[in-house]
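> Heads up, the sequence shown is in numbering that gives the first Met the number 0, so the first residue is 0 and it goes up one at a time.
Glycine residues also receive a C-beta, built at the ideal position from the N, C-alpha and C atoms.
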Amino acid sequence: MSENELAIIVLAAGQGTRMRSRLPKVLHRIGGRTLVGHVLTTAAALGATYTEVIVRHERDQVAALLADRYPDAEVVDQDEIPGTGRAVQVGMDALPADFDGDVLVLSGDVPLLQAETLQSLLAAHRAASAAATLLSAHLDDPTGYGRVIRGADGGVERIVEQKDATAEEAAITEINAGVYVFRASALRTHLARIDQNNAQGEMYLTDMVGLLRGASEPVAAELAADVASTFGVNDRAQLAEAGRVLNQRIVRHWQREGVTVVDPATTWIDDDATLAPDVTILPNTQILHACVIAAGATIGPDTTLVDTEVGEDATVKRTDANLAVIGARATVGPFSYLRPGTVLGEDGKIGAYVETKNAEIGEGSKVPHLSYVGDATIGRHVNLGASTITANYDDVNKHRTEIGDEVHTGSHTVLVAPVRLGAGAKTGAGAVVRKDVPAGSLAMSVAPQRNIEGWVQKNRAGTGAADAAARARSAE
Ligand code: UD1
Ligand code: CA
Numbered sequence: 000m001s002e003n004e005l006a007i008i009v010l011a012a013g014q015g016t017r018m019r020s021r022l023p024k025v026l027h028r029i030g031g032r033t034l035v036g037h038v039l040t041t042a043a044a045l046g047a048t049y050t051e052v053i054v055r056h057e058r059d060q061v062a063a064l065l066a067d068r069y070p071d072a073e074v075v076d077q078d079e080i081p082g083t084g085r086a087v088q089v090g091m092d093a094l095p096a097d098f099d100g101d102v103l104v105l106s107g108d109v110p111l112l113q114a115e116t117l118q119s120l121l122a123a124h125r126a127a128s129a130a131a132t133l134l135s136a137h138l139d140d141p142t143g144y145g146r147v148i149r150g151a152d153g154g155v156e157r158i159v160e161q162k163d164a165t166a167e168e169a170a171i172t173e174i175n176a177g178v179y180v181f182r183a184s185a186l187r188t189h190l191a192r193i194d195q196n197n198a199q200g201e202m203y204l205t206d207m208v209g210l211l212r213g214a215s216e217p218v219a220a221e222l223a224a225d226v227a228s229t230f231g232v233n234d235r236a237q238l239a240e241a242g243r244v245l246n247q248r249i250v251r252h253w254q255r256e257g258v259t260v261v262d263p264a265t266t267w268i269d270d271d272a273t274l275a276p277d278v279t280i281l282p283n284t285q286i287l288h289a290c291v292i293a294a295g296a297t298i299g300p301d302t303t304l305v306d307t308e309v310g311e312d313a314t315v316k317r318t319d320a321n322l323a324v325i326g327a328r329a330t331v332g333p334f335s336y337l338r339p340g341t342v343l344g345e346d347g348k349i350g351a352y353v354e355t356k357n358a359e360i361g362e363g364s365k366v367p368h369l370s371y372v373g374d375a376t377i378g379r380h381v382n383l384g385a386s387t388i389t390a391n392y393d394d395v396n397k398h399r400t401e402i403g404d405e406v407h408t409g410s411h412t413v414l415v416a417p418v419r420l421g422a423g424a425k426t427g428a429g430a431v432v433r434k435d436v437p438a439g440s441l442a443m444s445v446a447p448q449r450n451i452e453g454w455v456q457k458n459r460a461g462t463g464a465a466d467a468a469a470r471a472r473s474a475e
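1) For GLN60, which residues in the same chain have their Cβ closer than 8 Å to its Cβ, ignoring the five residues on either side in sequence?
2) Pull up the distance between the alpha-carbon of ASN396 and that of THR389, whole angstroms please.
3) Straight-line CA distance for GLY15 to VAL89?
4) Please look up how many angstroms separate the CB atoms of ALA430 and SER444, rounded, as I've assumed it's under 8 Å.
5) Should GLY344 be labelled buried (16 or more other beta-carbon atoms within 10 Å of its own) or exposed?
6) In chain order, what residues of the same chain lie with their CB nearer than 6 Å to the CB of HIS137, ignoring the 5 residues before and after it?
7) Applying the 10 Å Cβ sphere with the 16-neighbour rule, what's the burial state of ASP140?
8) Collect the residues with a C-beta less than 5 Å away from any heavy atom of ligand 2 and give them in sequence order along the chain.
9) Shorter than 6 Å, the distance from the beta carbon of ALA239 to the closest heavy atom of ligand 1, or not?
10) Tell me, please, which residues DSSP counts as bridged to VAL155.
11) Flag this pair as touching only if the segment 288-306 and the segment 265-277 have three or more C-beta atom pairs under 8 Å; answer yes or no.
12) Are the CB atoms of LEU111 and SER228 nearer to each other than 7 Å?
13) Answer with buried or exposed for THR318, where buried requires no fewer than 16 other C-beta atoms within 10 angstroms of its C-beta.
14) Please go through the same chain and pick out, in chain order, the residues whose beta-carbon is closer than 7 Å to the beta-carbon of GLY257, but skip the five residues on each side of it.
15) Within the present structure, is the beta-carbon of PRO23 separated from the nearest heavy atom of ligand 1 by less than 6 Å?
16) Below 8 Å, how does it come out for the segment 326-344 and the segment 353-365: are there three or more Cβ pairs, yes or no?
17) Take every Cβ of the segment 177-187, pair it with every Cβ of the segment 116-133, and state whether three or more of those distances are shorter than 8 Å.
18) My parser needs the beta strand (DSSP E) runs of 3 or more residues fully inside the segment 22-107; what are they?
19) The beta strand (DSSP E) spanning GLN285 covers which residue range?
20) Residues in its own chain within less than 7 Å of ARG85 by CB, not counting five upstream and five downstream?
21) Given this structure, state the Cα-to-Cα distance separating ASP346 from THR426, to the nearest angstrom.
22) Exposed or buried, which one is SER335 when buried takes at least 16 other CB atoms within 10 Å?
23) With burial defined as no fewer than 16 other Cβ atoms inside 10 Å of the residue's Cβ, what is the status of GLU167: buried or exposed?
24) Could you please give me the residues that DSSP links to TYR179 through a beta bridge?
25) With DSSP as the reference, label ASN458 as helix, strand or coil.
26) Verify the contact flag: SER106, CB atom, against every heavy atom of ligand 1, threshold strictly below 6 Å.
27) Thinking just about the alpha-carbon of each residue, which of VAL155, GLY373 and VAL226 is nearest to the one in THR400?
28) By Cβ distance below 6 Å, which residues in the same chain neighbour TYR371 in space, the five residues on each side in sequence not counted?
29) Is ILE249 buried or exposed, if buried means 16 or more other CB atoms sit within 10 Å of its CB?
30) Excluding the five sequence neighbours on either side, which residues of its own chain have a C-beta within less than 6 Å of the C-beta of ALA385, listed in chain order?
31) Specify the secondary structure class of ARG470 as computed by DSSP and reduced to three states.
32) Which class does ILE360 belong to by DSSP, given the choice of helix, strand or coil?
33) Let me know the secondary structure DSSP gives ASN3 once reduced to three states.
34) For TRP454, count neighbouring C-beta atoms within 10 Å of its own C-beta (all shown protein chains included) and say buried if the count is 16 or more, exposed if not.
35) Nearest to LEU64 by alpha carbon, out of LEU190, THR33 and ALA469?
36) Along the beta strand (DSSP E) that carries GLY213, what are the first and last residues, could you check?
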């Protein structure tokens, strides 16, 4: 095998105790993606021959995510012996015995690393013909990380964990990022010598550094240029901090692509979202999962879009939308709730206090105020009067409402599904429509109005209403 063949081992078997969570740590998310998913997405750029993920704690949950989202990664089970050293041992055992390339070890809880950082780590390792090269960084607050101990000549001698460090060692600010490249043969030879004689009773992978040095094998450390990319996530505070850094990176990326982000601190964009140039994002806006926002659209303020498509020059204000499609030049909001299956046509409108679900609303059609539209197909240039409701549920089943082109409904129309309104039909205010309305018909269902003259003066004499009525009458 060629010397530069690469195997990647992602450590994801730990319990993540400090998260205090039912969910395994590596399945917590930032930017819409699991921590281990970020690591695997970055790793995918390196063209490794083998990619393994070591699992143990809640292994079924982790394995299920991997099978679903990252099927190219091989799942390898760690046994009951704890520690990162053991994790790499089982990873090495799962590789072909004759694998003789480089082994890149990544931590499932270090999600912000970028492919370029790993590529330069690999390049430095190969250039130096080192037995091991680790990624290090200078952190203002190194608490919790392993510290890099260098000898008088400046070379790396060993790594000491926080819990095993003397006060003097703990004062060192150069940390081990938990990312290493090893020459496979050197790793195999010395891994078996790692013991559990430390504060945590675990097999520390970090002991490899001292062991290799002791065997006169060259060990190098590469300082990360981008310190934040080495952040490890051990607790919820670090999770939020990593999420913030990632978001900053994503927002910056889209700004450079021509997106106006008025307030980066309150704008959250997931990894999977795609935005076109001249999109404007107003404050307090979240663009989550695989949203696609077309050129010229304005999103926000106070808007959450999940898996939603927004067309060119559309405006979406103070809105919550999930799995919806909003056409070009359409306007949505304020205070609109678009549930899955909403498809709003070009130049359409969904206005204030409107909820939609499974609703196709045609080109130029408007649902401007206080409506519920569910399980409906609506044609072009339709106007639903304020508070028009599709009564789609009969207590047992859901039914569809079909509305033809150019239909106008009166305010407070209730469309009791299944029901059809033919093209150009109209409904009177307050109509309860239980039967199909033929094209061009007016549907009325409310009894004609009757005014009883003088009723107030007769029955409510002496009240403010009676007095006001009397004044109005005499002024006539
Ligand atoms: C580890 C390093 C530390 C480094 C830090 C960087 C060791 C002993 N220490 O510490 O020097 O500064 O990462 O973030 O390696 N894991 C397994 N199997 C296990 C234990 C852990 O796969 O038996 C996995 C975890 O799921 C995690 C990673 O290894 O993804 C690191 O484990 P963690 O317990 O978080 O180590 P740290 O204390 O952060
Ligand atoms: Ca960690």
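Taking the structure as given:
1) In the sequence shown, residue 60 corresponds to position 61, counting from 1. Here the set comprises LEU22, PRO23 and LEU26.
2) If you number the sequence shown from 1, residue 396 lands on position 397. If you number the sequence shown from 1, residue 389 lands on position 390. Distance between the alpha carbons of ASN396 and THR389 is about 14 Å.
3) As a position in the sequence shown, residue 15 is number 16, starting the count at 1. As a position in the sequence shown, residue 89 is number 90, starting the count at 1. Near 19 Å, if we compare the C-alpha coordinates of VAL89 and GLY15.
4) Here residue 430 refers to the residue found at position 431 when the sequence shown is read from its first residue. Here residue 444 refers to the residue found at position 445 when the sequence shown is read from its first residue. Sure, about 5 Å apart at Cβ, within 8 Å.
5) Locating residue 344 in the sequence shown gives position 345, where the first residue counts as 1. Buried: at least 16 other Cβ atoms inside 10 Å.
6) Counted from its first residue, the sequence shown places residue 137 at position 138. For HIS137, where only same-chain residues beyond five positions count, the Cβ hits under 6 Å are THR172 and GLU173.
7) Indexing the sequence shown from 1 puts residue 140 at position 141. When all chains shown are included, ASP140 counts as exposed.
8) ASP108, GLY231 and ASN233
9) Here residue 239 refers to the residue found at position 240 of the sequence shown. No; taking the cut-off as 6 Å, the Cβ of ALA239 has no heavy atom of ligand 1 nearer than that.
10) Reading the sequence shown from its first residue, position 156 is the one you call residue 155. Its beta-bridge partners are ARG149.
11) The answer is yes - the segment 265-277 touches the segment 288-306, with three or more Cβ pairs under 8 Å.
12) The count along the sequence shown starts at 1 and reaches residue 111 at position 112. The count along the sequence shown starts at 1 and reaches residue 228 at position 229. Yes.
13) Walking along the sequence shown from the start, residue 318 turns up at place 319. Counting Cβ neighbours within 10 Å, THR318 comes out buried, since at least 16 surround it.
14) Here residue 257 is taken as the residue at index 258 of the sequence shown, counted from 1. Spatial neighbours of GLY257 in its own chain (CB-CB distance under 7 Å, excluding positions within 5 residues in sequence) are listed in chain order as PRO276 and ASP277.
15) Numbered from its first residue, the sequence shown carries residue 23 at position 24. No, ligand 1 has no heavy atom inside 6 Å of this Cβ.
16) yes
17) In short, these stretches touch, since the Cβ pair count reaches three.
18) 49-54, 73-76 and 101-106
19) If you number the sequence shown from 1, residue 285 lands on position 286. For GLN285, the enclosing beta strand (DSSP E) covers residues 284-287.
20) Walking along the sequence shown from the start, residue 85 turns up at place 86. Within the same chain, Cβ atoms closer than 7 Å to the Cβ of ARG85 are found at GLN77 and MET202, the five residues on either side in sequence being excluded.
21) In the sequence shown, counting from the first residue as 1, residue 346 sits at position 347. In the sequence shown, counting from the first residue as 1, residue 426 sits at position 427. Each residue's alpha carbon lies about 23 Å from the other.
22) To locate residue 335, count along the sequence shown from 1; it is residue 336. Residue burial annotation: SER335 is buried, with at least 16 other C-beta atoms found within 10 angstroms of its C-beta.
23) Position 168 of the sequence shown holds residue 167. Burial call: exposed.
24) Start at 1 with the first residue of the sequence shown, and residue 179 comes out as number 180. BP columns for TYR179 point to VAL104 and LEU133.
25) Taking the first residue of the sequence shown as 1, we reach residue 458 at position 459. DSSP places ASN458 in helix when its eight states are reduced to three.
26) In the sequence shown, residue 106 corresponds to position 107, counting from 1. Yes - ligand 1 has a heavy atom lying nearer than 6 Å to the Cβ of SER106.
27) Within the sequence shown, the letter at position 401 stands for residue 400. Comparing Cα positions, the closest option is GLY373.
28) By one-based count along the sequence shown, residue 371 stands at place 372. These residues qualify, in order along the chain: GLU354 and ILE388.
29) Here residue 249 refers to the residue found at position 250 when the sequence shown is read from its first residue. Flag for ILE249 reads buried.
30) The count along the sequence shown starts at 1 and reaches residue 385 at position 386. So the qualifying residues of the chain are HIS368, LEU369 and SER410.
31) Taking the sequence shown and counting its residues from 1, one reaches residue 470 at position 471. Here ARG470 sits in helix by DSSP.
32) Here residue 360 corresponds to residue number 361 of the sequence shown, with the count starting at 1. ILE360 falls in the strand class under three-state DSSP.
33) Residue numbering aside, residue 3 sits at position 4 when the sequence shown is read from its first letter. In the structure shown, ASN3 sits in coil (DSSP, three-state: anything other than H, G, I, E or B).
34) The residue you call residue 454 lines up with position 455 of the sequence shown. Under a 10 Å Cβ-count criterion, TRP454 is classified as exposed, with fewer than 16 other Cβ atoms of the shown protein chains found around its own Cβ.
35) Residue 64 sits at position 65 when you count from the first residue of the sequence shown. The shortest C-alpha separation from LEU64 is found at THR33.
36) As a first step, residue 213 must be located in the sequence shown, where it is residue number 214. Looking at the DSSP string, GLY213 is not in any beta strand (DSSP E); the run it does join, the alpha helix (DSSP H), is 206-213.
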